[in-house]
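Following the UniProt record's numbering, the numbering of the sequence shown begins with 1 at its first residue and continues without gaps. Glycine is no exception: its CB is placed at the ideal position from the N, C-alpha and C atoms. Read the structure below first, then the notes.
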Amino acid sequence: MVAPMILFGDFTAEETQEVLAISHVNLPQKPKPFSWSNLSKPTVAAASHPSPFTPATPVGTIEAKPTMSLEVAFEQVLTELDLHESAKDLQRRGFVNQGNTCFQNVTFQALLACPPFRNLLCHLSSKVGDISSVSSHQASLVGWKHLVTLVRELDEPTLAQQRTIMRRTSAAPVILSPYFLRLFQSANGMQHDALEFLEFLLEHLHVDYEASHCTFPLTSPSPCDTVSPLDGWSEIQKHGKAAAVHHNIVDTHSPITYLFKGTLRSELLIRAGRKVGAATIEPFHCLHLTTPSTDSATLSQMIRATMEDEV
């Protein structure tokens with residue numbers, strides 16, 4: 001047997017022989033043949049050596065779902081809402097026509113195309129917990145809960161859902177809840193008009209918010225409290241009777257009035273001292289545009305063409 005050659009190291013011959021005598025190599029053992037009887041035996045616990053790497057978040061851990069109520073979420077979302085923020089991403093899915101419901105579908109599509117309103121619903125959806133009890137008509141904010149449910153159905157899928165969605169040939173359309181349509185038909189009969197439905201929907205959401213226990217966080221002091229009672233009054237005269245009229249902006253007290261409405265209150269003061277008040281709440285100013293019959297035009301071009309006679 002050839003003696004091993006020491007290539008490096010400051011060892012004597014005796015030290016080298018001593019090290020070689022006690023050194024041994026652990027050869028890998030062959031696995032034992034499988035036996036079905038081993039399944040009934042208790043498994044040996046693994047060695048309790050600490051793992052060299054412990055992830056901060058274990059793989060497969062589900063994040064805690066939001067549990068905030070809709071009433072509490074409204075105040076926080078309205079305070080943080082940026083009216084100039086770009087619209088959140090939603091899936092491009094149509095709405096099923098459930099029998100002459102095109103007026104309802106186009107109304108919801110128009111509202112969801114409005115970035116502030118869409119972002120409001122998306123932020124509420126991310127903060128609110130389970131709202132499965134939306135069918136209870138005695139609960140508060142029922143209309144808003146239906147809208148949050150709709151946004152969650154249109155919400156962008158997570159990475160885990162991407163694989164399933166990519167297999168689809170096209171996105172399936174959404175079936176809208178009949179909640180708003182039933183209320184609209186009970187109040188307005190069977191007349192199907194998109195403009196009337198939009199007015200009804202915004203008014204219903206406004207009243208729904210007012211009837212809840214929510215406190216609108218962006219209410220500003222009334223102009224009447226900061227100015228003199230005679231400031232802003234204009235004297236008018238009709239049939240020889242002098243009077244004065246005053247216009248002031250109504251306080252914003254709901255998300256609908258904050259995003260869509262510019263309400264105006266008019267008070268008529270007769271010289272005899274009797275005050276006549278009148279308030280007209282206009283949900284929005286409807287702008288009727290004339291579309292060209294032949295050439296295509298942009299929205300700004302149609303607005304300019306509509307205002308040409310007055311300008």
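For V128, the pairing in a beta bridge is given by DSSP as M68.
A check of alpha carbon separations from C214 across G189, S300, A73 and M302 identifies A73 as the nearest. Segment contact: the stretch 75-82 against the stretch 109-124, three or more CB-CB distances shorter than 8 Å; contact assigned. Residue state for L90 is assigned as strand, using DSSP reduced to three classes.
By the neighbour-count criterion, in which a residue is buried when 16 or more other Cβ atoms sit within 10 angstroms of its Cβ, T257 is buried.
T294 and T306 have their C-alpha atoms some 16 Å from each other. Taking all protein chains shown into account, K32 has fewer than 16 neighbouring C-beta atoms within 10 Å of its C-beta and is therefore exposed. Distance between R152 and L299, taken at the CA atoms: about 30 Å.
For D208, DSSP assigns no beta-bridge partner whatsoever. K145 and I131 have their C-alpha atoms some 7 Å from each other. Beta-bridge partners of D155 (DSSP): L90. The beta-carbon separation of H204 and S254, rounded to 11 Å, does not stay under the 8 Å limit for a contact. V142 is positioned such that its CB atom lies closer than 8 Å to that of D208.
Straight across, the Cα-Cα distance linking L147 with R118 is about 10 Å. Secondary structure at V174: strand, using DSSP grouped into helix, strand and coil. Of the residues assessed, Q104 falls on the buried side of the cut-off, its CB having 16 or more other CB atoms within 10 angstroms. Between I175 and L150, the alpha-carbon positions lie close to 9 Å from each other.
Annotated as distal: P115 and E71, with beta-carbon spacing of 8 Å or more.
In the displayed model, F260 falls within coil according to three-state DSSP, outside both helix and strand. The shortest CA-to-CA distance from F200 to any of S69, L90, A187 and K30 is the one to A187.
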